[in-house]
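Student:
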Amino acid sequence: MEKSIILTGDRPTGSLHIGHYAGTLESRVKLQKTDKYHMFVLIADLQALTDNSDNPEKIRQSILELTLDYLAVGLDPEKTSLCVQSGIPALTELPMYYSNLVTMSRLERNPTVKQEIRAHGFGHNLPVGFVTYPISQAADITAFKAEYVPCGDDQLPMLEQAREIVSSFNRIYKCNVLVEPQAILPERSACFRLVGTDGAAKMSKSLNNCIYIKDDEKTTREKVMSMYTDPLHINVSDPGHTANNPVFIYLEAFSKKEHFDEYLPEYSCLDEMKQHYEKGGLGDMKCKKFLNSVLQETFSDIRKRREEFSKDKGELLNILKKGTSQAAEITNKTLTEVRNAIGINYFEDVLFINNLTRSSV
Ligand code: ATP
Ligand code: MG
Numbered sequence: 002m003e004k005s006i007i008l009t010g011d012r013p014t015g016s017l018h019i020g021h022y023a024g025t026l027e028s029r030v031k032l033q034k035t036d037k038y039h040m041f042v043l044i045a046d047l048q049a050l051t052d053n054s055d056n057p058e059k060i061r062q063s064i065l066e067l068t069l070d071y072l073a074v075g076l077d078p079e080k081t082s083l084c085v086q087s088g089i090p091a092l093t094e095l096p097m098y099y100s101n102l103v104t105m106s107r108l109e110r111n112p113t114v115k116q117e118i119r120a121h122g123f124g125h126n127l128p129v130g131f132v133t134y135p136i137s138q139a140a141d142i143t144a145f146k147a148e149y150v151p152c153g154d155d156q157l158p159m160l161e162q163a164r165e166i167v168s169s170f171n172r173i174y175k176c177n178v179l180v181e182p183q184a185i186l187p188e189r190s191a192c193f194r195l196v197g198t199d200g201a202a203k204m205s206k207s208l209n210n211c212i213y214i215k216d217d218e219k220t221t222r223e224k225v226m227s228m229y230t231d232p233l234h235i236n237v238s239d240p241g242h243t244a245n246n247p248v249f250i251y252l253e254a255f256s257k258k259e260h261f262d263e264y265l266p267e268y269s270c271l272d273e274m275k276q277h278y279e280k281g282g283l284g285d286m287k288c289k290k291f292l293n294s295v296l297q298e299t300f301s302d303i304r305k306r307r308e309e310f311s312k313d314k315g316e317l318l319n320i321l322k323k324g325t326s327q328a329a330e331i332t333n334k335t336l337t338e339v340r341n342a343i344g345i346n347y348f349e350d351v352l353f354i355n356n357l358t359r360s361s362v
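The numbering used here applies: residue 2 is where the sequence shown begins, and numbers increase by one.
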C-alpha cells in the first residue's frame, strides 16, 4: 500500500519551544510510529528570510538548532525525511505559478499574517515576500502532495489558502495534479496555540516569551517562577482565575495523572486543583512548583539526548543533505506535472513538437 504523505515544518528563526512540542512535535513523533505515512519535516529557511533578510546568520545557525531539537524529541531520519526548503528547487518555482491564482485582497484577509504584520510593526515597509508567504507555504505543501499537515491552529488560514490554490489550479488547468491538504491539530485544545510565559496569545520565537526545549533545568525553573499568572490573585486566600492563566494552560497541556500522584498527591487531577485555586486558598508558588516538576520530567531525557546529538554537528548536516535530496526528487515530479498541466512544457511535449513539424511541411 502506498503511504500517505505528511508535510510539516518550522521556520529556522531560533530553537524550538515547548509550544512547538505541544503543538506539533509530539504528534509528529506519534505519526512517525505508524507505518501509514511518510513524513517530510521542512526547515523553511526561505520563509524565515521573509522577515529576517538582514540576518541570514541567524537562519544558518538555527538550521542546526532545529535539527537537534528534532532528533532530541525522537524524530528518526531513517523514517522521516528532514529537509531544507532552499535546497528544493520546486519550492521556489511553484509559487511563481500559484501567485497568479491569488488576489492581493485575499492575502490581506489572512488573519495570522495580519497579526504577524502588526506584531512586526512593518508599516509601509512591509516586504512583498512576507505578505505572499502563504503562497509559498501552499507550494511547500502541494509539491509533496501532502494529505496531512500536523500544526498549531495559527496555520489553519495557510491550509485554507493552500486548498483554494489547489482547487483553482485543478479547475483552471483541467487536471487533478494537486492534492488538498488537511490539518492535524493537537489532541488537547490548550496545545492548539500555547500561550507565552507573559500571557500573550502565542508562545513564539519572535515574541521572546518562550520556554525552549533546550533550556536547562535552572533556566526552565526561573522562567516558570517568573511567569505571569492571575493579576487579581494577590493573596493565597483570594479566589483565582484559571481560564487565561498560563500556569494552568501549561498544566492543561503537559500534566498527566502520574505527575499528580508523584508531585501533588493532594489532588487527584487538574480539575480538582483548578477548583481549589478558583475558590481561594491555593497559592501561585505551589502551582508554579508543580508546573516546574512536570516540565522538568517531560523534558529532562529530551535535553540529555540533545546534548549527545550536539557532539557531532557534521552528522546533522549529512542528515539534512540526505533528506533534502529525497525531497527534491519527489517534488520535482509534481513540478513536471504542474508544468505539463499549464502547457509550458514546450521542449518535452511530443504532441506540440509533432504538430509543429507537420505544420511546417
Ligand atoms: P516565528 O515567530 O519565527 O514564526 P513560531 O514560534 O511561530 O516562530 P513557527 O516556526 O512559525 O514557530 O511554527 C512552526 C510550527 O509550530 C507550526 O505548525 C505552528 O503552528 C506551531 N507552533 C508555533 N508556535 C506554537 C504555539 N505557541 N503553540 C502551538 N503550536 C505552535
Ligand atoms: Mg510562526
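All C-beta atoms, glycine included, are put in the ideal place defined by N, C-alpha and C.
Since the structure is predicted, the reported quantities are computational estimates derived from the model, not experimental observations.
So, do the stretch 264-277 and the stretch 230-238 have three or more beta carbon pairs nearer to each other than 8 Å?
Tutor: No contact exists between the stretch 264-277 and the stretch 230-238.
Student: With distances taken between CB atoms, is the gap from residue 300 to residue 214 smaller than 8 Å?
Tutor: Here the question's residue 300 lines up with position 299 in the sequence shown. Here the question's residue 214 lines up with position 213 in the sequence shown. Yes, Cβ-Cβ distance for residue 300 and residue 214 is below 8 Å.
Student: Report yes if the C-beta distance between residue 182 and residue 157 is below 8 Å; otherwise report no.
Tutor: For this step, residue 182 is matched to residue 181 along the sequence shown. For this step, residue 157 is matched to residue 156 along the sequence shown. Contact: no.
Student: Does DSSP classify residue 270 as helix, strand or coil?
Tutor: Taking the first residue of the sequence shown as position 1, residue 270 is located at position 269. Residue 270: coil per DSSP, three-state reduction.
Student: Is any heavy atom of the ligand MG found at a distance shorter than 7 Å from the C-beta of residue 205?
Tutor: Locating residue 205 in the sequence shown gives position 204, counting from the first residue. Checking the Cβ of residue 205 against the ligand MG gives yes.
Student: For a test of your reading of the model: does the CB of residue 29 fall under 7 Å from any non-hydrogen atom of the ligand ATP? Yes or no.
Tutor: Reading the sequence shown from its first residue, position 28 is the one you call residue 29. Checking every heavy atom of the ligand ATP against the Cβ of residue 29, none is found closer than 7 Å.
Student: Following a CB-centred definition, is residue 130 positioned closer than 7 Å to any heavy atom of the ligand ATP?
Tutor: Here residue 130 corresponds to residue number 129 of the sequence shown, with the count starting at 1. The answer is no for residue 130.
Student: Note down the Cα distance separating residue 243 from residue 191, rounded to an integer number of angstroms.
Tutor: On the sequence shown, position 242 is the one that residue 243 refers to. On the sequence shown, position 190 is the one that residue 191 refers to. The alpha-carbon atoms of residue 243 and residue 191 are separated by roughly 12 Å.
Student: With DSSP as the reference, please indicate the residues paired to residue 85 in a beta bridge.
Tutor: Walking along the sequence shown from the start, residue 85 turns up at place 84. Looking at the DSSP assignment, residue 85 forms a beta bridge with 44.
Student: What are the start and end residues of each continuous alpha helix (DSSP H) run of 4 or more residues lying completely inside the stretch 127-213, in chain order?
Tutor: As far as the stretch 127-213 is concerned, its whole alpha helix (DSSP H) runs of at least 4 residues are 129-132, 134-144 and 157-173.
Student: Would you mind stating whether residue 68 and residue 33 have Cβ atoms separated by less than 8 Å?
Tutor: As a first step, residue 68 must be located in the sequence shown, where it is residue number 67. As a first step, residue 33 must be located in the sequence shown, where it is residue number 32. Cβ atoms of residue 68 and residue 33: not closer than 8 Å.
Student: Quick one: measure Cβ to Cβ for residue 196 and residue 203, integer angstroms, because I've assumed they're closer than 8 Å.
Tutor: Counting from 1 along the sequence shown, the entry for residue 196 is found at position 195. Counting from 1 along the sequence shown, the entry for residue 203 is found at position 202. Contact holds; Cβ gap of about 7 Å.
Student: Using DSSP with H/G/I as helix, E/B as strand and the rest coil, what is residue 1?
Tutor: Any answer about residue 1 is impossible in this case: the structure gives the chain only from 2 up to 362.
Student: May I have a chain-ordered list of the alpha helix (DSSP H) segments no shorter than 4 residues that lie completely inside the stretch 223-277?
Tutor: Whole alpha helix (DSSP H) segments, 4+ residues: 247-255 and 258-264.
Student: In the DSSP assignment, the beta strand (DSSP E) including residue 5 goes from what residue to what residue?
Tutor: Position 4 of the sequence shown holds residue 5. First-last of the beta strand (DSSP E) with residue 5: 5-11.
Student: In angstroms with no decimal places, state the Cα-to-Cα distance between residue 172 and residue 16.
Tutor: Taking the first residue of the sequence shown as 1, we reach residue 172 at position 171. Taking the first residue of the sequence shown as 1, we reach residue 16 at position 15. Cα to Cα, the separation comes out at about 40 Å.
Student: Are the Cβ atoms of residue 5 and residue 38 separated by less than 8 Å?
Tutor: What you label residue 5 is simply residue 4 of the sequence shown in a count that begins at 1. What you label residue 38 is simply residue 37 of the sequence shown in a count that begins at 1. Yes. Within cutoff.
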